[in-house]
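Undergrad: Numbering (the working numbering), first residue to last: 2 to 170.
Glycine included, every Cβ here is placed at the ideal spot set by N, Cα and C.
Remember, it's a predicted structure, so these values are computed and weren't measured experimentally.
I'd like to ask you about the structure that follows.
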């Protein structure tokens, strides 16, 4: 759900892209970047945003020449991060690491991260975020794993789950 933006006088002019900045673990940083189609309206847009509130929080607006550089060590923007869904629900990082043989993982502190469920949530599949060393390895892994079916249980009545993988840009 996108929060409502309230303005006291007028609306924003000529913006093309709204980008929300996240950390490498998908947590919001609190920064939002608007890309304007024409610089002519920059001063007017800054004036409007100074009085704006989002979900009851007053926002601070300032001009910037460009979006800050991303932290490429964590795969931001380079196509080296992959979200995988489909391993059995009780799978952990060590069990999942066996599937990644033959692929070069990022040398960062945690190349494989299990995405936790919300409190009280249940899922028959688990989800992982994997950081590869190169975009080529990430795409090759997605092609290899996409649609592979796993047995989630020894019980034949339990439905089998296909793997789903997506490259994060």
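Hey, which unbroken runs of the beta strand (DSSP E) at 3 residues or more fall wholly within the segment 59–133?
TA: If we require 3 residues or more, the beta strand (DSSP E) runs fully inside the segment 59–133 come out as 82–89, 113–116 and 126–132.
Undergrad: May I have the straight-line CA-CA distance separating residue 45 from residue 38, to the nearest angstrom?
TA: Cα-Cα distance, rounded: 14 Å.
Undergrad: Rounded to the nearest angstrom, what separates residue 43 and residue 147 at their Cα positions?
TA: Cα to Cα, residue 43 sits roughly 44 Å from residue 147.
Undergrad: I'd like to know whether the C-beta atoms of residue 127 and residue 99 end up nearer to each other than 7 Å.
TA: Taking 7 Å as the Cβ cut-off, residue 127 and residue 99 do not qualify as a contacting pair.
Undergrad: For the alpha helix (DSSP H) that residue 139 lies in, which residues bound it at each end?
TA: Its alpha helix (DSSP H) spans residues 136–146.
Undergrad: Do residue 166 and residue 81 count as a contact pair if the criterion is CB distance below 7 Å?
TA: Taking 7 Å as the Cβ cut-off, residue 81 and residue 166 do not qualify as a contacting pair.
Undergrad: By DSSP, does residue 149 sit in helix, in strand, or in coil?
TA: DSSP places residue 149 in coil when its eight states are reduced to three.
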